[in-house]
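Novice: Take this structure, written in structure tokens, and hold onto it; I'll ask about it next.
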Ligand code: NAX
């Protein structure tokens with residue numbers, strides 16, 4: 002039998018955690034033949050709730066789940082971690098300035114980066130979900146100097162999936178007919194969902210749709226503001242869809258993208274497409290054998306250039322702000 006893969010999940014007692022853990026334990030994160038051991042990290046006040054979730058995990062009798070351990074100490078939670086899903090974060094509350102938000106999250110992601118550096122397994126893969134996800138990933142990464150930078154990623158797969166759904170609806174096709182869609186930049190309202198390289202049943206998506214007004218006034222804002230629309234409708238932020246995207250992100254990273262397709266991941270920039278080196282920005286990426294690569298050589302038209310630059314400028318501002326706060 003295979004040795005279980007250690008999966009550390011932070012914010013395990015939160016709403017995304019609740020939608021995520023059962024899917025991990027059922028084999029959907031890594032594959033139906035891969036046993037997993039869950040290591041849950043919570044703040045002390047939420048440990049009891051995490052214990053309740055662990056009881057329910059027991060009660061599912063998942064054949065692939067070899068155990069659940071609960072911690073309120075990051076150093077212990079990341080010990081031996083092969084995969085780390087950093088979901089727990091400090092949300093923005095009323096009256097909070099952006100600097101306060103970044104500082105509060107620095108207080109979470111700095112020690113978690115240090116703990117990953119100290120004790121995670123050599124093959125550690127990190128996905129940051131907690132917002133501001135790109136910059137939280139940057140903070141964690143900069144406190145894990147011994148871990149290769151490419152192991153720290155942030156989630157834009159939910160934006161990617163939202164864009165697929167909107168495009169499929171517009172074109173009257175199934176999402177299964179779509180390929181090569183890209184989310185560029187920051188996981189924020191400035192993100193840019195790009196259909197100029199996307200394909201609908203093998204044909205260029207932008208040409209097939211041929212509706213610039215829809216693109217600018219409907220598609221892009223709908224995707225970018227979808228989180229707010231969900232809150233408005235549900236009275237709570239996206240949880241099951243966010244968990245599903247986290248599953249997709251790691252599954253694709255580990256198991257590879259399909260031939261002739263790519264996905265969107267926020268990864269450390271090597272300077273591709275004019276994104277300053279070191280920023281954690283969303284790109285079109287392919288994955289193979291557990292490693293990602295930024296898709297090269299795409300022609301970026303003027304419209305896309307402006308949108309990408311605006312989102313990347315926001316990422317650079319966030320980086321400068323956390324640098325000023327001494328968090329990186
Ligand atoms: P919840 O508030 O339901 O849960 C967060 C959990 O994190 C809580 O149980 C809390 O106790 C825990 N936590 C806080 N600090 C912690 C720490 N230092 N160590 C371990 N656990 C800690 O939020 P939820 O709805 O689950 O969302 C979690 C995060 O995902 C938020 O930051 C949210 O903004 C972000 N999202 C990111 C998305 C993305 O696409 N990247 C989309 C969905 C979501 O909005």
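Numbering (the UniProt record's numbering), first residue to last: 2 to 329. Each residue gets a CB set at the ideal place from its N, CA and C atoms; glycine is no exception.
1. Between residue 126 and residue 251, which are expected to be in contact by the criterion C-beta below 8 Å, what is the C-beta distance as a whole number of angstroms?
2. Please specify which runs of the alpha helix (DSSP H), each continuous and at least 4 residues long, are wholly inside the UniProt domain "Lactate/malate dehydrogenase N-terminal" (7-146), giving them in chain order.
3. Considering only the alpha carbon of each residue, which of 256, 161, 305 lies closest to residue 29?
4. Can you tell me which residues form a DSSP beta bridge with residue 185?
5. Report, in whole angstroms, the separation of the C-beta atoms of residue 201 and residue 172, which I expect to be a contact under 8 Å.
6. So, under 8 Å CB-CB, residue 165 and residue 176 are touching, yes? Tell me the CB distance rounded to an integer number of Å.
7. Give me, in chain order, the residues of the same chain whose beta-carbon lies closer than 6 Å to that of residue 289; leave out the 5 immediate sequence neighbours on both sides.
8. Under 6 Å Cβ to Cβ from residue 345, same chain only, skipping five residues before and after it: list those, please.
9. What are the boundary residues of the beta strand (DSSP E) that residue 281 is part of?
10. Assign residue 149 to one of two classes, buried (16 or more other C-beta atoms within 10 Å of its C-beta) or exposed (fewer than that).
11. Between 316, 153, 210, which lies nearest to residue 266 when the distance is taken from Cα to Cα?
12. Taking only the alpha-carbon atoms, compute the straight-line gap between residue 320 and residue 205 and give it to the nearest angstrom.
13. Please state whether the Cβ-Cβ distance between residue 197 and residue 312 is less than 8 Å.
14. Between which residues of its own chain and residue 120 is the CB-CB distance below 6 Å, once the five residues before and five after are set aside?
15. If you compare alpha carbons, which of 208, 184, 170, 281 is closest to residue 308?
16. Around the C-beta of residue 208, are 16 or more other C-beta atoms found within 10 angstroms, so that it is buried, or is it exposed?
17. Should residue 278 be labelled buried (16 or more other beta-carbon atoms within 10 Å of its own) or exposed?
Specialist: So, to answer that:
1. Position 125 of the chain shown, counted from the start, is the residue given in the question as residue 126. Position 250 of the chain shown, counted from the start, is the residue given in the question as residue 251. Right, their Cβ atoms sit about 7 Å apart.
2. List check, alpha helix (DSSP H) in window: 16-26, 48-61, 75-78, 99-120, 134-143.
3. Numbered from its first residue, the chain shown carries residue 29 at position 28. Looking at the Cα atoms, 256 is the closest of the given residues.
4. Residue numbering aside, residue 185 sits at position 184 when the chain shown is read from its first letter. Looking at the DSSP assignment, residue 185 forms a beta bridge with 193.
5. Mapped onto the chain shown, residue 201 falls at position 200. Mapped onto the chain shown, residue 172 falls at position 171. Correct: roughly 5 Å between the Cβ atoms.
6. Counting from 1 along the chain shown, the entry for residue 165 is found at position 164. Counting from 1 along the chain shown, the entry for residue 176 is found at position 175. With 8 Å as the limit, residue 165 and residue 176 qualify as a contact, their Cβ atoms being about 5 Å apart.
7. Position 288 of the chain shown, counted from the start, is the residue given in the question as residue 289. So the qualifying residues of the chain are 257.
8. Residue 345 falls outside the range modelled here, since the chain spans only 2 to 329, and no answer is possible.
9. Taking the first residue of the chain shown as position 1, residue 281 is located at position 280. For residue 281, the enclosing beta strand (DSSP E) has its first and last residue at 281-289.
10. By 1-based counting over the chain shown, the position of residue 149 is 148. Exposed.
11. Position 265 of the chain shown holds residue 266. With distances taken between Cα atoms, residue 266 lies closest to 153.
12. Taking the chain shown and counting its residues from 1, one reaches residue 320 at position 319. Taking the chain shown and counting its residues from 1, one reaches residue 205 at position 204. Computed Cα separation, rounded: 35 Å.
13. For the purposes of this step, residue 197 is taken as residue 196 along the chain shown, with counting starting at 1. For the purposes of this step, residue 312 is taken as residue 311 along the chain shown, with counting starting at 1. No, the Cβ-Cβ distance between residue 197 and residue 312 is not below 8 Å.
14. Taking the chain shown and counting its residues from 1, one reaches residue 120 at position 119. Excluding five sequence positions before and after residue 120, the CB atoms of its chain that fall closer than 6 Å to its own CB belong to 79, 80, given in chain order.
15. Within the chain shown, numbered from 1, the residue matching residue 308 stands at position 307. Minimum Cα distance to residue 308 is reached at 184.
16. The count along the chain shown starts at 1 and reaches residue 208 at position 207. By the 10 Å Cβ count, residue 208 comes out exposed.
17. Residue numbering aside, residue 278 sits at position 277 when the chain shown is read from its first letter. By the neighbour-count rule (16 or more Cβ atoms within 10 Å), residue 278 is not buried but exposed.
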